[in-house]
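One structure is given below, encoded as structure tokens.
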Amino acid sequence: MLGETKPLIVKRDLYADPAFPAADASIFFDYCTPLAQFRGEISWLRPQDICSTPRLFSNNLQDVQVKQGILGDCWFLCACVALQKSKYLLNKVIPPGQPSWTDESYQGCFTCRVWQFGHWVEVTIDDRLPCLGGKLCFSQCQTEDLFWLPLLEKAYAKVHGSYEQLWAGQVADALVDLTGGIAVRWTLKGPVRNTEKEKTGMVLEKGVFRRLMNLKEQCVISCSVLNSRQGASELGEFHAFIVIDTLNLSEVSGKEVFLLRIRNPWGRRCWKGPWCEGGQGWSQLDPAVASELLAQAQEGEFWVDEEEFFREFDEITMGFPISEEGHLQSLYTEKVLYHSQNLFGSWVRGLSAGGCRNNSSFPTNPKFW
């Protein structure tokens, strides 16, 4: 019957992954690193031990909002939004038809796919997840009985060697890993703030920016803050956000205002500017419009205008759209890109092994034009 809850399948011999065990070594690699402070406190629980009716997915979009835990992997969570925008990508990364907790064939394991070095790699994990006090301590969905996100995060951590290896990364890298496509990053500001050069650059970039925002339904748009600063925000530093919506409106005075709705993976609002709840910006709009837009902002979301956006954020990152047939599309024309070419390089210690962009040696990595 529709809505009927199936009983959970209880088995004694559930899969335990020997390559990524339920142990400290899968969480951190050094006792001096941030997550090491939780050693001895983290327990590993399967979804049926965390809640009574675990599910993999939900058809309700409000349920699937990503929420960051104590791990600094906002960059990965922003990229996961790509799977919510594309059924093709979701099925590619988390193959459908896998037995879950109410199925007779459930074995306590799941398989995900991650794009690595030019092809999709299957990663099988057990479904034991790190918890503090009986609750998930890393990523989770807004609705706590959904488990596709923490399971995918575990598979991604396995690829990298441990959960802590996901601490601080680049949205562009995660977008490539979860889509098999291309990601592009733009700087919104020059290295010196409040200069005439920056002001001119901001005006020039806004024209391209408006066109790119039209693709918000087809691809992930992430914005990042690199340095904290005083002002209307509490955005933190080295933190990534997701652009959920954009609107071009007219104020009561007739002046145009371009608004962006931003989601913070922390799951809490962190904005005190003119367009925060109760802010002065809303008085410039028709009251009915203002009320409707405020109601649209879910937990962890806030509105900013274009001027604030360019002032407060340092970068935007976008993944190229991918059609439901799996074809890569141009970010600028939306035409299907049929031609592809593989270029191979290698990392050589001391020569071209520069690491990620967080390292000063990053420019020594192989480059392709």
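Following our numbering, the numbering of the sequence shown begins with 2 at its first residue and continues without gaps.
Beta carbons: idealized from backbone N, C-alpha and C, even for Gly.
query	result
Distance, Cα to Cα, Cys132 vs Lys155?	12 Å
Helix, strand or coil, according to DSSP, for Gly162 in the structure here?	coil
From the DSSP output, in three-state form, read off Val204 for me.	Legend: pLDDT at Val204 = 35, less than 50; position of this residue unreliable, value from coordinates given subsequently. If DSSP states are grouped into helix, strand and coil, Val204 belongs with the helices.
From Ser331, Trp121, Asn92, Gln49, pick the residue whose C-alpha is nearest to that of Leu213; which is it?	Ser331
Just to confirm the assignment: which complete alpha helix (DSSP H) runs, minimum length 4, are found wholly within the stretch 289-343?	307-313
Measure from the alpha carbon of Phe259 to the alpha carbon of each residue in Pro266, Phe239, Phe210, then state which is nearest.	Phe210
Where do the N-terminal and C-terminal ends of the beta strand (DSSP E) with Asp246 fall, by residue?	240-251
Excluding the 5 residues flanking Gln66 on each side, which residues of the same chain have their C-beta closer than 6 Å to its C-beta?	Gln143
Could you say which of Thr318, Thr247, Cys113 lies nearest to Gln171 if we only look at CA atoms?	Thr318
Looking at the unbroken beta strand (DSSP E) that takes in Val258, where does it start and where does it end?	257-264
Is the Cβ-Cβ distance between Asp178 and Leu152 less than 8 Å?	no
At 4 residues or longer, and completely inside the stretch 61-103: list those alpha helix (DSSP H) runs for me, N to C.	75-86, 88-94
Should Cys79 and Ala241 be called a contact, given that it needs their Cβ atoms to be closer than 8 Å?	yes
Just the Cα atoms here: how many angstroms apart are Ser254 and Pro288?	13 Å
How would you label Lys159, buried or exposed, when you count the other beta carbons within 10 angstroms and need 16 or more for buried?	buried
Label Cys113 either buried or exposed according to how many other C-beta atoms from any shown protein chain fall within 10 Å of its C-beta, with 16 as the threshold for buried.	buried
Can you tell me whether Glu42 is helix, strand or coil according to DSSP?	coil
Going by beta carbon distance, what residues of the same chain come within less than 7 Å of Ile95, once the five residues before and after it are set aside?	Cys113, Trp149, Leu153
What separation, rounded to the nearest whole angstrom, lies between the Cα atoms of Val290 and Ser251?	10 Å
Can you tell me the Cα-Cα spacing of Leu15 and Phe111, whole angstroms?	12 Å
Just to confirm my understanding: we take Val305, look at its own chain, exclude 5 residues before and 5 after, and list those with CB closer than 8 Å. What are they?	Leu260, Leu261, Ile263, Trp272, Gly274, Trp276, Glu313
Below 8 Å between beta carbons: does that hold for Ser225 and Glu316?	yes
What do you reckon, are the CB atoms on Phe139 and Tyr164 nearer than 8 Å?	yes
For Ile28, collect the residues of the same chain with a Cβ closer than 7 Å to its Cβ; drop the 5 residues on either side in sequence, then sort them by chain order.	Leu36, Ile43, Pro131, Ser163, Tyr164, Glu165
In chain order, what residues of the same chain have a beta carbon less than 8 Å from the beta carbon of His161, not counting five sequence neighbours either side?	Leu167
Below 7 Å CB to CB, which residues in the same chain sit around Lys217 once its five sequence neighbours on both sides are set aside?	Val244, Asp246, Thr247
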